[in-house]
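Below: one structure, written as structure tokens.
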Amino acid sequence: MFLGELERQVLQYLWVSPDADVKQVHAALAPHRESSLNTVQSALERLFKKGLLSREKKGYAYLYRAKIDREHLIAKLIDSVTGDFIDQGENSLVAAFSSVANELDEAQLDQLEQLIEVQRQQLLKSKNNVD
Amino acid sequence: MLINSWAVAMNLIAIALLGFFIAALIMSCAWLLLNKFINLFSIKSQKSLVWGWVAGPWVLGLITTLLFSPLFANTFLYRWIEKVAHWHHLYVFQMSSWHGISVILFVFFSVALISMKGWQLYQQNSAVQVLNAFSNSHQKNYGLYNVVVLQSDIPTAFTSGLFKPKCYVSSGLINNLSDKELDIVIQHELAHAHKKDPLSKLFIAFLSAYYPKKIAMDLNAKYSLITEHLADRATAMQHLAEDVAGTLVKVTRLQKAMPTQVQNPTLSFFGADNITQRVQQLLNPTNKSIPLLIPLSSMLIMLCLTVLAVDATHHLVESIFTHS
């Protein structure tokens, strides 16, 4: 998912001030960048099409709000960076330390921890014997 | 219709292609029969075997072409092979024949594949850029190492980038780990960066794409796990293997503890097997190397089969469709 600088600024503004129309977004961004109303409008449109915004018609204008909060968007981005696109049969090009292992339940993790502990004890014992 | 040198070149490409497909078919069957036994050998041997599997059809296709090519026409080997296998129209090539069409289809497939991988790469790079911007990322030094810290509660660490890979760690992970555990995570990621694993994964993904989908997925998953094992092992040079295994379990627990709406099912690439296998490999590493004779003799047998099958398939198809 690619977001241009303007799209990122729009999204950041809508996280703080939801339900804003294009004029409000334009006015809020004006001190930071020179963008025409049309440019801001098309950025809103693009974000809407990407499924990141929802909108509601109020009079003649649409009121926009973010559909996804910052933390969830970051989760989604991390997912697209570290995810292995398993359903498409594609492999990710990053190497993650470990990914969420939904299939491993608590009991299995406990078991692994026990296994590690047993080995730790054995190591300690053999070290003591050598000393 | 092409004749003489152009025809020879096109025929050699057609032979390479036929050899490539036959070798891929033989190696697919070999994978289905033998992939369970790969785990018996050391991780380094497993890595070489996976590379052998993905590069195999290309190497066998190329050698088959050389054996049929007129370059070695005066050698003993060529005369010997000619008795059992030959290409009966080396100096004539018809673009509209099945050879021409298969060459064209192969080129189309390869171009589509390169574009697809390029697009995937572009999308991942874009995601990294946006991630950097939104998570107020900043570079931080941990001892001698430089990593990018992402401001996010999601506990994650990964390495991204093809030629200059960078290591990313989230604040959510940093805040929940001890100094030693964090060092283990960073060392593990640096091992990936040092080996340029994202780049080698791209090569494996590209080369394996010529196999049937199930086998391609198997090969990619296997290679991905091998890179994890090797990074774990590199980390275990600086820390106790038990500590590395313990950190792995702890990070998995932290990731599981995230609210389910933040979790995403596609993040679960490392299934139960993978974390378990990594812990077991850290505690009891397999050190048995595969004797070189096994892959070499297997390749030789597959080469003979490929050469014979190229000849047989060629004759079989042309007894059905004759060149016009």
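Just so you know, the sequences run in chain order A and B.
Under our numbering, think of the first position of the first sequence as 1, with each following residue one higher.
Under our numbering, think of the first position of the second sequence as 132, with each following residue one higher.
Cβ coordinates follow ideal geometry from the N, Cα and C atoms, glycine included.
For clarity, every value in this text was computed on a predicted model and none was experimentally measured.
Mind reading off the beta-carbon distance from residue i to residue j? Whole number of angstroms is fine, and I expect it under 8 Å.
i, j, result
"L385(B)", "I406(B)", "At roughly 13 Å, the Cβ-Cβ gap does not stay under 8 Å, so L385(B) and I406(B) are not in contact."
"V110(B)", "S268(B)", "The requested residue 110(B) does not occur in the structure, where chain B is confined to residues 132 to 455."
"Q119(A)", "E373(B)", "6 Å"
"W417(B)", "F172(B)", "For clarity, residue 417(B) is Thr in the given sequence; the question names Trp instead. Yes, T417(B) and F172(B) are in contact; Cβ-Cβ is about 7 Å, under 8 Å."
"I212(B)", "V438(B)", "7 Å"
"V261(B)", "F2(A)", "7 Å"
"V236(B)", "L434(B)", "Note on residue identity: the sequence assigns Leu, not Val, to residue 236(B). The pair is not a contact, with the Cβ atoms about 25 Å apart (cut-off 8 Å)."
"I153(B)", "A440(B)", "4 Å"
"S302(B)", "Q282(B)", "5 Å"
"T383(B)", "L115(A)", "Contact doesn't hold; Cβ gap of about 14 Å is too wide."
"A258(B)", "V81(A)", "5 Å"
"I74(A)", "F265(B)", "6 Å"
"H446(B)", "L149(B)", "That belief does not hold up - the Cβ atoms of H446(B) and L149(B) are roughly 12 Å apart, past 8 Å."
"W218(B)", "F199(B)", "5 Å"
"A155(B)", "Y342(B)", "6 Å"
"A138(B)", "D442(B)", "Wrong, their Cβ atoms sit about 19 Å apart, outside the cutoff."
"I305(B)", "Y276(B)", "About 13 Å; that fails the 8 Å criterion."
Output needed for residue i: all residues of its chain with C-beta closer than 8 Å, excluding positions within five of it in sequence on either side, in chain order.
i, result
"N135(B)", "Y222"
"A28(A)", "Y13, S17, A20"
"I174(B)", "I357, H360, L361, R364, Q412, P416, T417"
"L414(B)", "A372, E373, A376"
"Q255(B)", "S291"
"K76(A)", "M1, I68"
"P329(B)", "T290, S291, G292, L293, P296, H323"
"E7(A)", "A43, R46, L47"
When you compare the CB of residue i with every CB in chain B, is at least one pair closer than 8 Å?
i, result
"L29(A)", "no"
"I68(A)", "no"
"S17(A)", "no"
"S54(A)", "no"
"V81(A)", "yes"
"L6(A)", "no"
"L124(A)", "no"
"L77(A)", "yes"
"N91(A)", "The predicted position of N91(A) is uncertain, since its pLDDT is 45 and thus under 50; no value can be drawn from it."
"E34(A)", "no"
"L63(A)", "no"
"L3(A)", "yes"
"L14(A)", "no"
Please indicate yes or no: does the CB of residue i lie closer than 7 Å to some heavy atom of the ligand FMN?
i, result
"L53(A)", "This structure simply doesn't include the ligand FMN, nor any ligand for that matter."
Here's a check: name, in chain order, each residue in its chain whose Cβ is nearer than 6 Å to the Cβ of residue i, leaving out the five neighbours to either side.
i, result
"L63(A)", "D19, D21, E56"
"T290(B)", "P296, C298, E320, H323, A324"
"A101(A)", "Any reading at A101(A) must be qualified, since the residue scores a pLDDT of 48, below 50, and its modelled position is unreliable; the value itself is stated next. Cβ neighbours of A101(A) beyond the five flanking positions: none."
"S455(B)", "For S455(B), the pLDDT reaches just 45, beneath the cut-off of 50, and the residue's location in the model is therefore unreliable, leaving the point undetermined."
"L143(B)", "T196, S200"
Quick one: does residue i have its CB under 8 Å from some CB of chain A?
i, result
"G249(B)", "no"
"T407(B)", "yes"
"V223(B)", "no"
"D284(B)", "yes"
"S291(B)", "yes"
"T437(B)", "no"
"E373(B)", "yes"
"A140(B)", "no"
"G377(B)", "yes"
"V380(B)", "yes"
"V410(B)", "yes"
"T287(B)", "yes"
"T444(B)", "no"
Going along the chain, which residues of its own chain have a beta-carbon closer than 7 Å to the beta-carbon of residue i, five neighbours each way excluded?
i, result
"S132(A)", "Residue 132(A) lies beyond the residue range present for chain A, which begins at 1 and ends at 131; the question has no answer from this structure."
"D284(B)", "G303"
"I315(B)", "T366, H370, D374, V375, T378"
"V185(B)", "I335, L338, S339, L350"
"F151(B)", "P188, W189, G192"
"V448(B)", "W229"
"Q41(A)", "V22"
"N307(B)", "P286, L385"
Quiz item: Do the region 349-359 of chain B and the region 181-199 of chain B make contact, defined as three or more Cβ pairs closer than 8 Å?
Solution: yes
Practice problem: Give a yes or no on contact between the region 284-302 of chain B and the region 322-333 of chain B, applying the rule of three or more CB pairs nearer than 8 Å. | Solution: yes
Self-check item: Touch test, the region 245-263 of chain B against the region 160-175 of chain B, Cβ-Cβ under 8 Å, three pairs minimum
Solution: no
Quiz item: Using a beta-carbon distance cut-off of less than 8 Å, what residues from the region 255-269 of chain B approach chain A?
Solution: Q255, S257, A258, V259, Q260, V261, L262, A264, F265, S266
Exercise. With 7 Å as the C-beta to C-beta threshold (strictly closer), list the residues of the region 38-49 of chain A near chain B in chain order.
Key: none
Quiz item: For the region 195-219 of chain B, which residues have a beta carbon sitting closer than 9 Å to at least one beta carbon of chain A?
Solution: none
Self-check item: Chain-ordered residues of the region 101-120 of chain A with a beta carbon less than 7 Å from chain B
Solution: A101, N102, E103, L104, Q108, L109, L112, E113, L115, I116, Q119, R120
Practice problem: Report the residues of the region 359-373 of chain B with a CB closer than 9 Å to any CB of chain A, ordered along the chain. | Solution: E359, A362, L371, A372, E373
Quiz prompt | Chain-ordered residues of the region 297-328 of chain B with a beta carbon less than 7 Å from chain A | solution = V316, H319, E320, H323, D328
Quiz item: Along the region 413-436 of chain B, what residues have a CB closer than 7 Å to any CB found in chain A?
Solution: L414
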